[in-house]
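Q: Structure provided below as structure tokens; questions to follow.
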Amino acid sequence: MSKLAAFILEMLRMLIMLVLTLLLLGGLENAVFKRLYGWTIDPGSAAAGNLILFFVLYRNYWQFRGWFKSDKNQQLGRRLTLSLVSLSLLLILLPFAVPLLM
Numbered sequence: 154m155s156k157l158a159a160f161i162l163e164m165l166r167m168l169i170m171l172v173l174t175l176l177l178l179g180g181l182e183n184a185v186f187k188r189l190y191g192w193t194i195d196p197g198s199a200a201a202g203n204l205i206l207f208f209v210l211y212r213n214y215w216q217f218r219g220w221f222k223s224d225k226n227q228q229l230g231r232r233l234t235l236s237l238v239s240l241s242l243l244l245i246l247l248p249f250a251v252p253l254l255m
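Remember, the numbering used here sits 153 above the position in the sequence shown when you count from 1.
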């Protein structure tokens with residue numbers, strides 16, 4: 154398979170995984186929020202947190218299991234991974250804390 158075809162397949166795979174991940178996590182967060190507070194969540198900060206979490210998962214795990222192989226593929230550093238995951242969790246949990254502050 155040529156490099157270009159592998160790259161296009163990998164982009165398609167990444168796009169499908171992004172959509173599925175955002176739908177799954179967004180739906181789960183919305184269901185939990187509705188169960189706890191009785192109304193739906195505004196997906197602003199949670200969506201940003203989910204995007205960051207997807208980025209970390211893709212760079213540290215999923216990119217090595219795809220079609221496009223490159224010598225430039227490398228994992229994120231440990232400190233950067235922990236920082237991004239912490240920021241992601243903060244953004245995901247932020248909508249859950251707002252009703253408690255009101």
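Positions of the beta carbon are idealized from the N, C-alpha and C atoms, including for glycine.
Is the Cβ-Cβ distance between F207 and T174 less than 8 angstroms?
A: Yes; because the gap between Cβ atoms is below 8 angstroms, this pair is in contact.
Q: Leaving out five residues on either side along the sequence, give the residues of the same chain with a beta carbon under 7 angstroms from the beta carbon of P248.
A: The answer, listed in chain order, is F186, I194, D195, S198 and A199.
Q: My understanding is that R212 touches L229, with C-beta atoms under 8 angstroms, so please give their C-beta distance in whole angstroms.
A: Contact flag correct, Cβ pair sits at about 5 angstroms.
Q: Got a sec? Which residues, its chain only, sit under 7 angstroms from N183 by beta carbon, not counting five neighbours each side?
A: Around N183: T193 and I194.
Q: Which residues in the same chain have their Cβ closer than 7 angstroms to the Cβ of Y214, if we skip the five residues on either side of it in sequence?
A: Within the same chain, Y214 has no close Cβ partners at all.
Q: Specify, as a first and last residue, the run of the alpha helix (DSSP H) that T174 falls within.
A: Segment K156 to Y190, the alpha helix (DSSP H) holding T174.
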